[in-house]
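Sequence positions in the sequence shown follow the numbering used here and run 1 to 93.
Heads up: the structure comes next, in structure tokens.
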Amino acid sequence: MSEQEIKRLKEEEAEQAENTAQTRPPRSKHHKHHKRHERPNLFGPILLIGIGLYFLLTNMGIIQGTLYWEVLFSWWPLFFIFIGFNIIAKQLP
């Protein structure tokens with residue numbers, strides 16, 4: 001391959017790279033995380049509000065302040081179910 005052919009190929013390659021860069025829309029740095037910021041995650045805040053309401057109502061004497069540990073221990077798998085639904089909700093468009 002002669003030097004002229006090599007030079008011509010390099011010029012063609014540079015021209016193709018320039019054209020490709022011009023036609024492709026620029027991507028932002030946070031492109032991957034854009035979906036996450038469209039819809040806020042409400043699971044954590046709702047859980048904290050629920051816990052806060054429980055303790056507030058207990059301190060005010062509106063509800064009985066005993067937490068039934070047997071019920072909590074038997075229903076703990078619901079925590080994982082809620083996390084799973086939360087993950088699925090994040091994936092939906």
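Note that the Cβ used here is the ideal one computed from N, Cα and C, for glycine as well.
Keep in mind it's a predicted model, so treat the numbers as computed, not measured.
Inset, instruction - State the start and end residues of the unbroken alpha helix (DSSP H) segment that holds PHE44. - result: The question names Phe, yet the displayed sequence has Gly at residue 44. Start and end: 43–59.
Inset, instruction - Tell me whether the beta-carbon of LEU57 lies closer than 8 Å to the beta-carbon of ILE63. - result: yes
Legend entry - Under the three-state DSSP convention, the category PRO40 falls into: Coil, per DSSP.
Inset, instruction - Flag this pair as yes or no: are the beta carbons of PHE79 and PHE43 separated by less than 8 Å? - result: no
Inset, instruction - Check whether the Cβ atoms of ASN86 and ASN41 sit closer than 8 Å, and answer yes or no. - result: Yes.
Inset, instruction - Consult DSSP for ILE63 and reduce its assignment to one of helix, strand or coil. - result: coil
Inset, instruction - Determine the closest residue to THR66 out of TYR54, PRO77, SER74 and TRP75, with distance taken between C-alpha atoms. - result: Considering only alpha carbons, the answer is TYR54.
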